[in-house]
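Residue numbers (my numbering), protein chains in the order written: chain A, 1 to 560; chain B, 1001 to 1560.
Protein chains: 2
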Amino acid sequence: MANRRSKPKTRLKVIALGGLEEIGKNMTVLEYGNDIIIIDCGLAFPEDDMLGIDLVIPDITYLAKNVEKIRGIVLTHGHEDHIGALPYVLKQLKVPVFGTLLTLGLLENKLREHKMLDKTTLHTVVPGEKVKLGEMVVEFIHTNHSIADSVALAIQTPVGMVIHTGDFKVDYTPIDGDIIDLQRFAELGSQGVLLLMSDSTNAERKGFTMSEKNVGKVFERIFEETPRNRIMVATFSSNIHRIQQIINAAYMYGRKVAIIGRSMVNAVKTASELDYLWVPPRTLIDINEIKNYRDEQLVIITTGSQGETMSALSRIANSEHKQVSVKPDDKIIISASAIPGNEKNVIRVVNELLKKGADVVYGGIEDIHVSGHARQEELKLMLALTKPKFFMPVHGEYMHLSSHRDLAISMGMDKKNIFVNKLGDVLELSKNEAKVTGTVPTGQVMVDGLGVGDVGNIVLRDRKHLSEDGLMVVVVSMEEETGQIVAGPDIISRGFVYVRESEGLMDGAREVVMKALQECEEKNITSWNYIKNLIKDTLKNYIWQKTKRSPMILPIIMEV
Amino acid sequence: MANRRSKPKTRLKVIALGGLEEIGKNMTVLEYGNDIIIIDCGLAFPEDDMLGIDLVIPDITYLAKNVEKIRGIVLTHGHEDHIGALPYVLKQLKVPVFGTLLTLGLLENKLREHKMLDKTTLHTVVPGEKVKLGEMVVEFIHTNHSIADSVALAIQTPVGMVIHTGDFKVDYTPIDGDIIDLQRFAELGSQGVLLLMSDSTNAERKGFTMSEKNVGKVFERIFEETPRNRIMVATFSSNIHRIQQIINAAYMYGRKVAIIGRSMVNAVKTASELDYLWVPPRTLIDINEIKNYRDEQLVIITTGSQGETMSALSRIANSEHKQVSVKPDDKIIISASAIPGNEKNVIRVVNELLKKGADVVYGGIEDIHVSGHARQEELKLMLALTKPKFFMPVHGEYMHLSSHRDLAISMGMDKKNIFVNKLGDVLELSKNEAKVTGTVPTGQVMVDGLGVGDVGNIVLRDRKHLSEDGLMVVVVSMEEETGQIVAGPDIISRGFVYVRESEGLMDGAREVVMKALQECEEKNITSWNYIKNLIKDTLKNYIWQKTKRSPMILPIIMEV
Chain A
1 MANRRSKPKT RLKVIALGGL EEIGKNMTVL EYGNDIIIID CGLAFPEDDM
51 LGIDLVIPDI TYLAKNVEKI RGIVLTHGHE DHIGALPYVL KQLKVPVFGT
101 LLTLGLLENK LREHKMLDKT TLHTVVPGEK VKLGEMVVEF IHTNHSIADS
151 VALAIQTPVG MVIHTGDFKV DYTPIDGDII DLQRFAELGS QGVLLLMSDS
201 TNAERKGFTM SEKNVGKVFE RIFEETPRNR IMVATFSSNI HRIQQIINAA
251 YMYGRKVAII GRSMVNAVKT ASELDYLWVP PRTLIDINEI KNYRDEQLVI
301 ITTGSQGETM SALSRIANSE HKQVSVKPDD KIIISASAIP GNEKNVIRVV
351 NELLKKGADV VYGGIEDIHV SGHARQEELK LMLALTKPKF FMPVHGEYMH
401 LSSHRDLAIS MGMDKKNIFV NKLGDVLELS KNEAKVTGTV PTGQVMVDGL
451 GVGDVGNIVL RDRKHLSEDG LMVVVVSMEE ETGQIVAGPD IISRGFVYVR
501 ESEGLMDGAR EVVMKALQEC EEKNITSWNY IKNLIKDTLK NYIWQKTKRS
551 PMILPIIMEV
Chain B
1001 MANRRSKPKT RLKVIALGGL EEIGKNMTVL EYGNDIIIID CGLAFPEDDM
1051 LGIDLVIPDI TYLAKNVEKI RGIVLTHGHE DHIGALPYVL KQLKVPVFGT
1101 LLTLGLLENK LREHKMLDKT TLHTVVPGEK VKLGEMVVEF IHTNHSIADS
1151 VALAIQTPVG MVIHTGDFKV DYTPIDGDII DLQRFAELGS QGVLLLMSDS
1201 TNAERKGFTM SEKNVGKVFE RIFEETPRNR IMVATFSSNI HRIQQIINAA
1251 YMYGRKVAII GRSMVNAVKT ASELDYLWVP PRTLIDINEI KNYRDEQLVI
1301 ITTGSQGETM SALSRIANSE HKQVSVKPDD KIIISASAIP GNEKNVIRVV
1351 NELLKKGADV VYGGIEDIHV SGHARQEELK LMLALTKPKF FMPVHGEYMH
1401 LSSHRDLAIS MGMDKKNIFV NKLGDVLELS KNEAKVTGTV PTGQVMVDGL
1451 GVGDVGNIVL RDRKHLSEDG LMVVVVSMEE ETGQIVAGPD IISRGFVYVR
1501 ESEGLMDGAR EVVMKALQEC EEKNITSWNY IKNLIKDTLK NYIWQKTKRS
1551 PMILPIIMEV
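In C-alpha cells, the structure reads:
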C-alpha cells in the first residue's frame, strides 16, 4: 500500500478483514492518513471441513504491520461475531477499545477468561457520545438488535461522513423503550453521507422484521394456555430482551424462573448487574431449588436453542443433565430459528424431547422468534434516510450482499456507486470518488486449543484424510549401513477396519510389504525415501484392491 | 421370536427394520406364519459423525435367520431410500423382487453396477395387479409422488387388510395423467382395513402439497420472462415429472435441452426408454453440442440441486466442469428445497454462481419446487378413506411420526390404536387386537468402500479422534530381554501441528518421553503394556499442557 500522505488530497481507505462473503468474524478498518480505527473484531465458527478447529478469527497481518497508526477499536455490540476475536487480537495490538456498557460487560468476561483484563484499556460510551480518534470522530447511535446496547457508528472523516449500521433492525415497540435513532440517521442524511455500510443478513427477505414485543405476546398466550405444566424456554443467551420477556411472562403467571447453561447464567448475571435486565424480586431461583416447587410454578430458561451438543437443553434431551429431567407434558419452547448448518442438531434435540413426552414448540409451529436483522423494507428505509453517495453492503454471504445491492439499485442508486467487495479489497474514497485500488492480506486464522494459526491447510488435509479412511502405520527396524531388516514390518491401524475381524486382510498387508522390503534388500537399496515410498505405494494398492479404501499410510523406519 | 404356528390363531407381525425415527433406509417386514414379505429395501445417507462412510443400510439379521420364509420383496417406488440397499441385501437374501416398470428399471441399473443383475429375479407389476406371496396377497395401487410409477400396497392377510401407502401425495393435476387411486382406498376402507402404515414426512405441515403442475406454470413464466439468456435447471434426477415439465417449457420456447450429471443422464435415458419421459423430436442435444447454439436456444438440466460436492452444478460453480462455464446473466434455477443438512452446501453453490454473474432462482424466491409428500390435509384424507382399525405412522423422524399420530387423534382415533414404534418393535395383530410384543435385532450397517459392516463404533470413534486433533506416533526400539532402548523415541505427527513451526514443541515432547523411558530402564520395567501406557500418559499430559489439544497417541515398541 503506497503511503499517500505526500499527495495533496489524502483519501479514506475502507477495508473489510472479515464479514464479507461470510456471516462471522466481522472486522472493518478505516484508515485516513496516519490514523486507523477498527470497527468490531469478531470470531467465526469453524466450517464443517475445519476438523478439530475451535473457532476462526480474522487475519490481522495488515494491522500488525501498521499498529502504530491504530487509534482504537470501536464496537457496535456484544455478539461473538463482533467481539469474539478480541482476546486474541488484543495480544498483538495493544490499543484501546470503545463500546457501550453491556458490550464491554460481555467483553470483560472474555478478557477475564483469557487473563487479559488488566492489560486492556476499555472506554465505556453512551449513544450520542462522540470520540475523537486521530483525525476521525466516531459518534455512537442507538439501534435495535437482538442484543441490548447495540449501536451504529457515524464516523466523521476529513473526506466525508461514513456510517456503519452495525447489526440492526427497526423495532417500533422495542423492549427497552428506545426506537432506533431514526432522527439522527435522517439528520446525517440531510447533511450528507459519503459512505454507508449496512447489515445485509436479511436482504433477501421481503417486508419488515417483526417487533420483539410480538414474541412477548406469543409467550403470554402460551403461558396462558399452559396453566398446569412446567415450561422451559431455550433461547440465545445474548438476547437479553427475549429473556426479559420470558421473565415478564413468568412473573405475570406467578412462576419462578431458574436459569441453566453456563453462558445463560453469565449473560443474565452481567445484564442484571448492569441494569439491562430487570428481574422482579423473588422471581429468580437457583436450579437446585426447583424440586421445592410444583410444575405450574416453574419456568426454566436454558441454552441449547441451536441443538449445540454440550448445551443444557441437549444434555436434558439426552438425560444427561444433573438437575433437570424431562417430564411428560413439559412445555418446551425453542425460541430461535436454526442457523444454517444447525438444522440437524435442532431436529435431533426436538426428537429426543418429544420421545420423552414433552410438548415441544418450535419455529415451524409458532412465532416464538424474530430476527435481529432488518429485512428489505427496513434496509430501504436506512438507505432513504442516509442517502449515501456510496454504498457498501456488509455482514453477509455473497448472496446477501448481492441482494442488498439490488435493493439499492431498485431505489435508483447507480450501480457504479455500490461496492460488493471481497475481504481485503481497499476501497479508497475522496469527496467525490470511490474505487477499489488494491488489496491487503486477509484470511482465516484457525484457533485450536491454545494454538492460534498453527493449524494450516496441511494439517487440516491430514485430519480429513484420517477421518475418512483412518490410518496404517508400518514400522520397520533396519540396520543403518547394510539396510538389513532387523525387525518388522509391523502394521498398526486405527480408524481403518476392526482388526479382529480383518486378520486376513492385515496378514496379507504384512506379506506384500515384506515382499517389497525383501526386494529392496536384495537390490541393496538403502535410500530411506525410496523404501518409504515403496512401502506406501505397495500397501496403498493392496488395500485399495481389497477394500476400495485409502487409509493414510505412515511408513516409519527405525535405524538400529 | 416364538413360532406361533402351533397356536390356533396365527397373528400378523409387522416389523420396521428402517424408516422409523429416521428418513432413510425404509424397510418393513410383514410376517404371517411361515411367510415373510418385505416392503422396500432402502439406504440412508451417513450422518455427519459417520466419518468416511459411504452409505448406511438396514441390519437384516432377523431376515437372514428366517430367509426360508421370505416370499419376496415388494417395492413402492424407485427412490434410493427405498431400493438403494437391494444390491447388498440381495447378496444375502436370494428372493424375488416385485415392482413397477420404472422402479425395476432404476433397480436394474444398480444391480448391473454391482454385477448382480443375472443373479436376481425381477417381476414387473402394474397398478391394479395382485401378487400372491404365500398366504398373503399384495395389490399394487397407483399413487402420486416425486417419481413416476409409485404405488401403495394393499396386503390381504388372513388376519385382515394391511395398507402401506409408500411415499405419496395427492395431486389432482398430475403430470402423467393419473390421480392417485382414491377410489380404491375408499373401497378398501369400506370393506375394512386392519392396519394403515402411512408416510409421515410432511405430517407437521398444514394444508395441501401443491400440484406438480404448479411448478410447470412457474417454469413457463420464468422462461417467458427470460427470452435472451441461457437457462439452467438443477433438480432431482429421479423426478421425471419435473424433468418432463422443463422439457415441455423448453420445447414451448423453442429451446434445445442438454442433460448433464451422471445420475441425470442415466435417469433420463432409463425413463425415456421405458416411455416415462416424452422428449419431443430434435429437442435433446449432447452437451458437447451446446457451443453450436446461442444462449437463448439452450436449456441445460443438471444434477446438484442439493449442492452435492461432485455434482455437475457444483463443478460448474467452481469452474471445474469441462463443458459448461457460467456466463453472466445465465438464469440458473434450483428446482428443489434443501434437505436438512444440505443447506450450507446449497448456499455455497448459490454464492459461487452469483459471483460469476448468474441470476440464481431458488426456493426462497419462487415456487420452483413442490414436495412429493402429503401434508396434513392429504394425510387426513388417507385416514378418512381407509378408516383403519389400527394406525402405524411410518417414514419420518420421531417428530413427524408423533405429529402424524396427533393428526389421527384429532380425527377421533383412539390413542391406544396408534403405534409410534421403534425399529425392531414387533407389532402383532389379530382381527381385533394389536400390540407390541417384543423386538428383533436392528441397526445401521455402514458401507465404506467394499466393506459392509466392518466399520463399527470403535473405528468411527478413532476416526473422530484423529479428525479433531490428529495423531502422534511414538516409536521405540527395545532389546527384547533387557528392555534397553536401542533406538528412538522417534515422534511422528500428522494432523496435529505444522511441524516446521513447532520444533520446540516436538523437541520437548521427545524429551519427556525419553525421560519416562529412561526411568523404566532404571527400574528394569519390561512390561510393554506398562511402557506403552506410560508413554501415552506422559505425552498426553505434556501436549495438553502446552497446546490444550489431545491428539491420538500411538506408542509402538519394536523388539530387536
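We put the beta carbon where it would ideally sit given N, CA and C, even for glycine.
Does the beta-carbon of residue i have 16 or more other beta-carbons within 10 angstroms, so that it is buried, or is it exposed?
i                       : result
residue 1282 of chain B : exposed
residue 367 of chain A  : exposed
residue 84 of chain A   : buried
residue 1558 of chain B : buried
residue 458 of chain A  : exposed
residue 1551 of chain B : buried
residue 345 of chain A  : buried
residue 479 of chain A  : exposed
residue 1242 of chain B : buried
residue 28 of chain A   : buried
residue 6 of chain A    : Since pLDDT at residue 6 of chain A reaches only 47, below the 50 mark, its modelled position is unreliable, and no value is offered.
residue 1064 of chain B : exposed
residue 1450 of chain B : exposed
residue 1032 of chain B : buried
Run through DSSP, which three-state label would residue i get?
i                       : result
residue 388 of chain A  : strand
residue 1032 of chain B : strand
residue 1189 of chain B : helix
residue 1044 of chain B : strand
residue 437 of chain A  : strand
residue 1025 of chain B : coil
residue 376 of chain A  : helix
residue 99 of chain A   : strand
residue 1469 of chain B : helix
residue 1404 of chain B : helix
Show which residues of chain A have a CB atom less than 8 Å away from the CB atom of residue i.
i                       : result
residue 1425 of chain B : Result: empty, since nearest Cβ-Cβ is about 13 Å, beyond 8 Å.
Starting from residue i, find everything on chain B with Cβ-Cβ shorter than 7 Å and list it in chain order.
i                      : result
residue 486 of chain A : 1560
residue 402 of chain A : 1354
residue 448 of chain A : 1549
residue 458 of chain A : 1498
residue 552 of chain A : 1494
Against chain A, does residue i count as a neighbour if the rule is that its beta carbon must be under 8 Å from one of theirs?
i                       : result
residue 1419 of chain B : no
residue 1399 of chain B : yes
residue 1379 of chain B : no
I'd like to check one pair, residue j with residue i: are the Cβ atoms closer than 8 Å?
i                       : j                       : result
residue 372 of chain A  : residue 146 of chain A  : yes
residue 423 of chain A  : residue 17 of chain A   : yes
residue 30 of chain A   : residue 185 of chain A  : no
residue 1369 of chain B : residue 1335 of chain B : yes
State yes or no: is the beta carbon of residue i nearer than 8 Å to at least one beta carbon in chain B?
i                      : result
residue 1 of chain A   : Because residue 1 of chain A sits at a pLDDT of 49, beneath the cut-off of 50, its placement in the model cannot be relied upon, and the following sentence gives the value as read from the coordinates. Chain B contact via Cβ: absent.
residue 6 of chain A   : Legend: pLDDT at residue 6 of chain A = 47, less than 50; position of this residue unreliable, no value from coordinates given.
residue 492 of chain A : yes
residue 463 of chain A : yes
residue 228 of chain A : no
residue 501 of chain A : yes
Could you name the residues of chain B that residue i contacts, counting a contact when the two beta carbons are closer than 9 Å?
i                     : result
residue 57 of chain A : Within chain B, no residue comes near residue 57 of chain A; the closest Cβ sits about 16 Å away, beyond 9 Å.
By the criterion of Cβ-Cβ separation under 7 Å, what are the contact partners of residue i in chain A?
i                       : result
residue 1542 of chain B : Residues of chain A passing the Cβ test: none, with the nearest at roughly 13 Å.
So which residues on chain B does residue i lean against when the C-beta distance must stay under 8 Å?
i                      : result
residue 347 of chain A : 1340, 1397 and 1399
residue 473 of chain A : 1473, 1554 and 1556
Can you pull the chain A residues whose beta carbon is under 9 Å from the beta carbon of residue i, in chain order?
i                       : result
residue 1100 of chain B : What residue 1100 of chain B touches in chain A: nothing, since even the nearest Cβ is about 32 Å away.
residue 1021 of chain B : 351 and 355
residue 1238 of chain B : None at all; the shortest Cβ gap to chain A is about 22 Å.
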